[in-house]
Structure formats: C-alpha cells, structure tokens
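Novice:
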Amino acid sequence: MRPQQSMTTQRTWRMVSIDQLPRKGTDTIDFVIRLTAAKKYSFNTNVEGSINQNAFSGNIFGIGFNVGLQNRNFAKAANVANSNLRYGIELGNASSLGQFIQTQQIAFSHSIRMPRAIPNFGFIPENLRDNFSTVFNFNAANTERRFLYNLTTLNGSWGYEFQRRKMLISLKLPNIEYSSLIRRDSLDTLIKYNPSLRNIFTDGFISSVIGSFTMSGGTTNRLSVFRANIEESGLLTGLIRNSFLDKQLYRFLKLDAEFAYLMRFPKTALAFRVFAGAGYEFNSTRNPDKRYNLPFFKQYFAGGPNSMRAWSLRRLGPGSSVKTFQGVGSTPDRYGDIQLEANVEYRFPLGTPFNIKVNGAVFTDIGNIWYMKSAPDRPAEEVFKLNRLWTDLAVGSGAGLRIDFNFLVIRLDYAYKVKDPSPAPADAAVQNKWFGYKFSRGDQFQLGINYPFIF
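Going letter by letter, the sequence shown gives residues 8 to 462 in the working numbering.
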C-alpha cells in the first residue's frame, strides 16, 4: 500500500504495520495503522585511511576522523537532520613535525531532509507527492596545504529529490559556493616559473544549478548503476553586472556520467566501470585568471586508491605532459577539465582465516585528464585532442587483497604503470612506452576502504 511504503521510507519510524479489519455485515473495512517510533537521536563515529606514494613529498598517509549526529524528527515534522564534523590530515616524510603534516582539513556539514516538496507545488500529481523530498545543505571547510595554500570554502544549497522505484532525480536550485584562497610563498614561486598555474589556483564565487540522475537495475547476480550530473554556474546570474560578480563569479557548464556493472558468479565476480566528464569555462568574466579552465575545486583529477591506481593521488596528467613535482617549475597537483576512465576488476576468494573473508583481485585501469582550452604558457600536449586520445591514455595494472569484515572492506592494491603519458623529467624516455619502467620504479601501493567504485 502506498501510505505504508511512504511511512516506511521515513527514518522517523522504526516499524510500520497496517491491519485490515472488515466490519461484519457491511462492505466497509477499517484500517489500523501501528507506528513504532525510531530513536530520535543517533550518534556515529568512523575513521578512514589511505596510503599513497608521492613523488612530491614522499609517501603520504592520510587519515580522517568523522563524528555525526542525526535527529530523525527535527522540528517534530518527520524531518531528518544530520550534522557532521570531520578532521583529516595527510602525513609525509619530513625532518620536523611541522613539515611532516602535509595537509590538514576541518569540515562541518549540516543537512535537513523534509519528506515533502516545500513549497507544495500544485502541479505535482497527488499520486507522486510522496516520492518528493526537500533537502537543505550547508557545508564549511578549511584546508591547509603545507607551503602551498589555505583554502576556505562555504556552500549552501536548497534542492529537491524525486525517487521512484530504482530511479533517483535530484535538483539543487540554487547552489551557492564561495571559496577564499590564500597563496603561500611556495605556490607564488611555482606560479612565477609556471604562469599557467595562476589560472588554476584562484578563489571565486559560484551560483549554480545542479541536476543529477541515478538509475540502478539488474538482479542479485547482475547489478548495474548509471549516474549522470550536470551543473551550470553564472549563465543566469551573469546577466547581473557589478564589480564583484564580474571579478569573482565563475561561469561554466559541467557534465559527467558514470556506468558500473557487476557480474557475480558462484565464487568469483567481475566488475566494470566507465566514467566520462567535461567542463567548459565561458569567456564572459572580466577576470583573466578565470577564462581558461574550471575552478580547481570543480576540476577532475586522477590517481589514488579509487581511480588510476598505478598513480598516486592527483599525480596523473594532464595529457602527455612531462613535469616535475618538486623544485622550480614544478606542478604540485594535476587537475583537468576533462576526464575519461575505464576500470575492470576480477575478484576471487583466497580463504577465511579467523572467519574473515579474504579475496584477491586483479585489475586494469585506463584513463587520463586534460584541459579543455588552450591558454598562455599551457603546453599543447595538456589540451584534449581527439587525434591524440590513444597516445594520451594511461594504462595501469595490478593485483590486490580485499579483507572483508562485513561492515567494511580493507583494500590493499599494488599496481604498475604499463603506459605512462605524464612521467617525471627523469623518466621522460619511457613516456607512452608500453612496459617502459623497471618494475621497482613504475610501481605504486594503495590502501583504501571499501571497493574502488560503486561495487
């Protein structure tokens, strides 16, 4: 019954039952609805971790602490309010504790989900109104990258979600973001010798509309998920002309899509994933630093435990570029306006020591990132060209362990750069050569939590 389904999906109720009681001698049925309230408050904590080899600052160990509080009946209206606080650090090789901490981030988020459309739009058919939710989000974060920058971000959004069977559609209207970037001396020095970085590390204002679509399907042994997202900023707000918006407002269009498919066999599994995304920055801003690419906090990056696993985090691309990660003219992080990636992973059982399931995996990742537009001081090899696509694609392969504790999966991956389009200058001779690296130089270890993509 639709009322029971509607109340079951609300986290306010722990149990919902509806009994039918026919009246003797009549054609009338009485319905008795029994509701058992869920605990109003719940508290949760978790720890996340990752390990990356990093040519810029040595091996990096990342750890994050999360604390959350949920109110399942906020304002006594079956609204669900979530508040979360996160503190994360990245630790690397250095001679002192102050340098040992590579990155620090503290973030706070608060959301309120209301099981109805607000305001109550009259054009929504009555039989679909229970499928709508209204969501308010607020996020604030401060990130300190050692010697590079301090980034403060504020974000607020008001949006709607429509869920029906296995389909979810969401719309954020509006989505407001503001970022303030303080450059450190080391980043200013990098920009001096690599001027194109000026177009990446900027602060600014975003006034956007974000739409997303998710469809899941399949059976127990054949699962699939498709996701698509679109975001536009400044196309309407940009019609308002004033000095602040002319200098700070980002005007761009960004689209991406992802498809994942999991095939389960009696003892093994095969997982596929394909991702494609692109963003275009319009030339309508008067700020010359915002004309050539997306803001870096909206750009794509590759590498790390959940992407191209033969490369450490943000260390692949863009395109077929040869740049160092350290010293004069270096590029500390790699970002792009376009990303293409495909992954395949075969999983198989190894045993159950101490009643803990241990699975093995072999995998291959293919992909890269690129800039969308040419810019002064930007090498042509970093800009996407269809006739260079095969040349620019990176390929990595490896094997790993999946230690399954039921409530989480610890993942250990060891990968090798089969084809590297963006090596460091010392390895320029192996650029885009298949199996060009000596194994001890082209390898990469990754530690992650849960599976690298959806399944």
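For each residue, glycine too, the CB sits at the ideal point set by N, CA and C.
Name, in chain order, the residues that DSSP records as bridge partners for Y307.
Specialist: Taking the sequence shown and counting its residues from 1, the one referred to as residue 307 is at position 300. Bridge partners of Y307: G343.
Novice: Which residues share a DSSP beta bridge with D263?
Specialist: The residue given as residue 263 occupies position 256 in the sequence shown. D263 pairs with N236 and G284.
Novice: Unbroken beta strand (DSSP E) runs of length 3 or more, entirely within the segment 67-102: which are they?
Specialist: Listed in chain order, they are 67-81 and 86-98.
Novice: Among the residues of its own chain, which have a CB less than 6 Å from the CB of E97, if the five just before and after it don't count?
Specialist: Your numbering for residue 97 matches position 90 in the sequence shown. I67, G69, Q109 and T110, listed in sequence order.
Novice: Leaving out five residues before and five after W514 in sequence, what residues of the same chain have Cβ atoms less than 6 Å from its Cβ?
Specialist: Outside the shown range of the chain, which is 8 to 462, sits residue 514, and nothing can be said about it.
Novice: Go ahead and pull the three-state DSSP assignment for W397.
Specialist: In the sequence shown, counting from the first residue as 1, residue 397 sits at position 390. If DSSP states are grouped into helix, strand and coil, W397 belongs with the helices.
Novice: Give a yes or no on whether the C-beta atoms belonging to Y421 and G443 are separated by under 8 Å.
Specialist: Along the sequence shown, read from residue 1 onward, the residue named residue 421 stands at position 414. Along the sequence shown, read from residue 1 onward, the residue named residue 443 stands at position 436. Result no, Cβ atoms of Y421 and G443 do not sit closer than 8 Å.
Novice: Does V54 come out as helix, strand or coil in the three-state DSSP assignment?
Specialist: Taking the sequence shown and counting its residues from 1, the one referred to as residue 54 is at position 47. Looking at V54 - three-state DSSP - the assignment turns out to be strand.
Novice: Please go through the same chain and pick out, in chain order, the residues whose beta-carbon is closer than 8 Å to the beta-carbon of S231, but skip the five residues on each side of it.
Specialist: Position 224 of the sequence shown, counting from 1, holds the residue named residue 231. These residues qualify, in order along the chain: S223, G224, G225, F266, A267, Y268 and L269.
Novice: Counting only the same chain and skipping the five closest in sequence on each side, list residues whose C-beta sits under 6 Å from that of Q346.
Specialist: For the purposes of this step, residue 346 is identified with residue 339 of the sequence shown, where counting begins at 1. These residues qualify, in order along the chain: G284, Y307 and I376.
Novice: Which stretch, first to last residue, makes up the beta strand (DSSP E) that contains I113?
Specialist: For the purposes of this step, residue 113 is taken as the residue at position 106 of the sequence shown. Unbroken beta strand (DSSP E) run through I113: I108 to M121.
Novice: What residues in its chain sit with their C-beta under 6 Å from that of R153, if we drop five residues either side in the sequence?
Specialist: Locating residue 153 in the sequence shown gives position 146, where the first residue counts as 1. Same-chain partners within the cutoff: Q109.
Novice: Consult DSSP for Y421 and reduce its assignment to one of helix, strand or coil.
Specialist: If you number the sequence shown from 1, residue 421 lands on position 414. Y421 falls in the strand class under three-state DSSP.
Novice: Just to confirm the assignment: which complete alpha helix (DSSP H) runs, minimum length 4, are found wholly within the segment 151-231?
Specialist: Qualifying alpha helix (DSSP H) stretches, in chain order: 192-200.
Novice: Hey, A401 and D427 are a contact pair by Cβ (cut 8 Å); roughly how many whole angstroms apart?
Specialist: Numbered from its first residue, the sequence shown carries residue 401 at position 394. Numbered from its first residue, the sequence shown carries residue 427 at position 420. The Cβ separation is near 6 Å, so the contact holds.
Novice: Is it the case that the Cβ atoms of V390 and K380 are separated by a distance below 8 Å?
Specialist: As a position in the sequence shown, residue 390 is number 383, starting the count at 1. As a position in the sequence shown, residue 380 is number 373, starting the count at 1. Yes, Cβ-Cβ distance for V390 and K380 is below 8 Å.
Novice: Leaving out the 5 sequence neighbours to the left and right, which residues in its chain are closer than 6 Å to P459 when beta-carbon positions are compared?
Specialist: As a first step, residue 459 is located in the sequence shown; it is residue number 452 there, counting from the start. Here the set comprises N313.
Novice: Around the C-beta of G343, are 16 or more other C-beta atoms found within 10 angstroms, so that it is buried, or is it exposed?
Specialist: The count along the sequence shown starts at 1 and reaches residue 343 at position 336. Buried, by the Cβ-count rule.
Novice: In this structure, how does DSSP classify A44 when only helix, strand and coil are distinguished?
Specialist: Position 37 of the sequence shown, counting from 1, holds the residue named residue 44. Residue state, collapsed to three classes: strand.
Novice: Please name the residue in I237, A368 and G449 whose C-alpha comes closest to that of F220.
Specialist: In the sequence shown, residue 220 corresponds to position 213, counting from 1. Answer by Cα proximity: I237.
Novice: List the DSSP bridge partners of A406.
Specialist: Your numbering for residue 406 matches position 399 in the sequence shown. In the DSSP output, where bridge partners are listed per residue, A406 has V369 and Y421.
Novice: Between the beta-carbon of A147 and the beta-carbon of A114, is there less than 8 Å?
Specialist: Sequence index remark: in the sequence shown, residue 147 carries index 140 (1-based). Sequence index remark: in the sequence shown, residue 114 carries index 107 (1-based). Going by C-beta atoms, A147 is nearer than 8 Å to A114.
Novice: If you run the structure through DSSP and keep just helix, strand and coil, what is K254?
Specialist: Taking the first residue of the sequence shown as 1, we reach residue 254 at position 247. DSSP places K254 in helix when its eight states are reduced to three.
Novice: Helix, strand or coil for Y444, going by three-state DSSP, please let me know.
Specialist: If you number the sequence shown from 1, residue 444 lands on position 437. Three-state result, Y444: coil.
Novice: Would a C-beta distance cut-off of 8 Å place L155 and S193 closer than the cut-off?
Specialist: On the sequence shown, residue 155 is found 148 positions in, with the first residue counted as 1. On the sequence shown, residue 193 is found 186 positions in, with the first residue counted as 1. Yes, Cβ-Cβ distance for L155 and S193 is below 8 Å.
Novice: Roughly how many angstroms lie between the CA atoms of Y353 and P181, to the nearest whole one?
Specialist: Counting from one through the sequence shown, the residue named residue 353 turns up at place 346. Counting from one through the sequence shown, the residue named residue 181 turns up at place 174. Taking the straight line joining both Cα atoms gives about 41 Å.
Novice: Going by beta-carbon coordinates alone, are F145 and S116 separated by less than 8 Å?
Specialist: Against the sequence shown, residue 145 aligns to sequence position 138. Against the sequence shown, residue 116 aligns to sequence position 109. Their beta carbons are under 8 Å apart, which means F145 touches S116 by this criterion.
Novice: Give me the Cα-Cα distance between F414 and L243, rounded to the nearest whole angstrom.
Specialist: Within the sequence shown, numbered from 1, the residue matching residue 414 stands at position 407. Within the sequence shown, numbered from 1, the residue matching residue 243 stands at position 236. Going by the C-alpha atoms only, they are around 45 Å apart.
Novice: Within its chain, find whatever has a CB closer than 6 Å to the CB of M121; leave out the 5 residues flanking it on each side and keep chain order.
Specialist: Taking the sequence shown and counting its residues from 1, the one referred to as residue 121 is at position 114. Hits under 6 Å: N86 and T141.
Novice: Identify, in the order they occur along the chain, each residue of the same chain with its Cβ nearer than 7 Å to the Cβ of L175, setting aside the five sequence neighbours on each side.
Specialist: Looking up residue 175 in the sequence shown gives position 168. These residues qualify, in order along the chain: E168 and T221.
Novice: Would G326 and W318 be called neighbours here (beta carbons separated by less than 8 Å)?
Specialist: As a first step, residue 326 is located in the sequence shown; it is residue number 319 there, counting from the start. As a first step, residue 318 is located in the sequence shown; it is residue number 311 there, counting from the start. No. Outside cutoff.
Novice: Considering D450, what are the terminal residues of the beta strand (DSSP E) in which it resides?
Specialist: Here the question's residue 450 lines up with position 443 in the sequence shown. Taken as a continuous stretch (DSSP letters only), the beta strand (DSSP E) holding D450 covers D450 to I456.
Novice: Counting only the same chain and skipping the five closest in sequence on each side, list residues whose C-beta sits under 6 Å from that of E348.
Specialist: Your numbering for residue 348 matches position 341 in the sequence shown. For E348, where only same-chain residues beyond five positions count, the Cβ hits under 6 Å are F282 and G374.
Novice: Per DSSP, what kind of secondary structure is N350 in: helix, strand or coil?
Specialist: Locating residue 350 in the sequence shown gives position 343, counting from the first residue. If DSSP states are grouped into helix, strand and coil, N350 belongs with the strands.
Novice: Tell me the rounded alpha-carbon separation between G211 and A382.
Specialist: Locating residue 211 in the sequence shown gives position 204, counting from the first residue. Locating residue 382 in the sequence shown gives position 375, counting from the first residue. Their backbone Cα atoms lie some 19 Å apart in a straight line.
Novice: Would you kindly work out how many angstroms separate the C-alpha atoms of A235 and K83, rounded to a whole number?
Specialist: Residue 235 sits at position 228 when you count from the first residue of the sequence shown. Residue 83 sits at position 76 when you count from the first residue of the sequence shown. Approximately 34 Å, taken between the alpha carbons.
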